[in-house]
Amino acid sequence: MKILLDMNLTPRWVGFLRERGHQAVRWSEVGLASANDLEVLRFAATQGYLLLTHDLDFGDLLAYTQAW
Numbered sequence: 001m002k003i004l005l006d007m008n009l010t011p012r013w014v015g016f017l018r019e020r021g022h023q024a025v026r027w028s029e030v031g032l033a034s035a036n037d038l039e040v041l042r043f044a045a046t047q048g049y050l051l052l053t054h055d056l057d058f059g060d061l062l063a064y065t066q067a068w
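Written out as structure tokens, the structure reads:
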């Protein structure tokens, strides 16, 4: 499974998930730290990643964008 971890999650999750066979990356590995939430969500959606985050506003973004 392809998993994208948002910047607000500890990088330790990446190793944990990779050890279990997942293709896990942290946003800082693929995008700019200055990217807004919509950019992160768009990347995850278009590249086939499940997005893990602590941000509560991603639900609103999903509703607004209809998850592409």
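For the sequence shown, the UniProt record's numbering begins at 1 and goes up steadily by one.
C-beta: ideal position from N, C-alpha, C; glycine also.
Taking 8 Å as the upper bound for CB-CB distance, residue 6 and residue 50 are not in contact here, some 11 Å apart.
The beta carbon of residue 12 lies closer than 8 Å to none in the same chain, with the five residues before and after it left out. One thing to note: residue 40 has its Cβ no nearer than 8 Å to the Cβ of residue 25. Residue environment for residue 4: buried (at least 16 other C-beta atoms within 10 angstroms of its C-beta). Exposed is the label assigned to residue 33, since fewer than 16 other Cβ atoms lie within 10 Å of its Cβ. Inter-residue distance for residue 22 and residue 36 is about 25 Å (C-alpha atoms, whole angstroms).
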